[in-house]
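Mature numbering (1 follows the signal peptide of the UniProt record, and there is no 0) puts the sequence shown at residues -19 to -1, 1 to 116.
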Amino acid sequence: MFASAARVVVAILVTVVLAGCSSKPAGGTVKGKVTLDGQPLATGQILFVAVDQSVPSAEATVTAGQFEALVPPGEKRVEVRAPKVTGKKKMYDTPDSPTVDTVVELLPAKYNVSSELKLTVDGSVQEQNFDLQSK
């Protein structure tokens, strides 16, 4: 009787593990280009935030204007950030203090914290380009 119960438990565990391994993550691939004033954005981040906040956000790095991200389906607000290092400052007011980078955002707020960019992700592979203007 014990051997029979053990077989049932093992069969259930194997089924659960195999089901977990075979499922693909829900979402679609969004890839494309980000340009600023007609030129590829050298480096930055692109974030896809669910408008209804029902699923986690997805993020990708922008390198030489290119990005690719796995994004859950649905209506998204898109945020693009391009921080630029402008110098260094001391962490503390001591002679041997470590320094940290001082950074400014290269892009206007309408592309990040107050983003007006929207995208509907349908779960397939989508090409989406973002042509941004600095002014």
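We put the beta carbon where it would ideally sit given N, CA and C, even for glycine.
{"query": "Quick check: the Cα distance between Lys65 and Thr16, rounded to an integer number of angstroms?", "result": "16 Å"}
{"query": "Of the choices Asp103, Gln107 and Gln114, whose alpha-carbon is the least far from that of Ala90?", "result": "Gln114"}
{"query": "So, for Leu22: in the same chain, excluding its five sequence neighbours on each side, which residues have a beta-carbon less than 7 Å away from its beta-carbon?", "result": "Val15, Thr16, Val43, Gly46 and Ala63"}
{"query": "Where does Ala90 sit, in a helix, a strand or coil, going by DSSP?", "result": "helix"}
{"query": "Relative to the alpha-carbon of Val81, which residue among Leu88, Ala39, Thr67 and Phe48 has its alpha-carbon at the smallest distance?", "result": "Thr67"}
{"query": "Since Gln109 is in the beta strand (DSSP E), which residue starts that stretch and which ends it?", "result": "From DSSP, Gln109 is part of no beta strand (DSSP E); its letter is neither H nor E."}
{"query": "Rank Asp18, Ser105, Phe48 and Pro53 by C-alpha distance to the C-alpha of Ala7 and give the top, closest one.", "result": "Pro53"}
{"query": "Here's the rule: buried if 16 or more other CB atoms are within 10 angstroms of the residue's CB, otherwise exposed. What is Asn110?", "result": "exposed"}
{"query": "One question on the structure: do Val106 and Thr10 come within less than 8 Å of each other, judged by their Cβ atoms?", "result": "yes"}
{"query": "In whole angstroms, what separates the C-alpha of Phe29 from that of Thr75?", "result": "41 Å"}
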